[in-house]
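Numbering (the working numbering), first residue to last: 145 to 220.
Glycine included, each C-beta is placed from N, C-alpha and C at the ideal position.
In this text, all values refer to a predicted model and were calculated from it rather than measured experimentally.
Right, one structure below, let's go through it.
Here it is in structure tokens:
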């Protein structure tokens, strides 16, 4: 795993720890919102859940470009 992949995985783990929500729970919340565009989802995560820009952006990016090692951890 590259250092970039490790950093992204660490950031996703930190989002789970900070929010007490699993990646599957975040996926469900996003699906329930009906939003599909990266920028809209990112802004919703910032406004509604007070995620920082970087965390929200990483989450959105990981949804559209999942790393193979995190695929089993997240609900699609």
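CA-to-CA, the gap between residue 182 and residue 161 works out to about 23 Å. In the three-state DSSP reduction, residue 181 falls in the coil class, being neither helix nor strand. The beta carbon of residue 170 is closer than 7 Å to those of 203 in its chain, skipping five residues each way along the sequence.
In this structure, the straight-line span from the alpha carbon of residue 148 to that of residue 201 is close to 15 Å.
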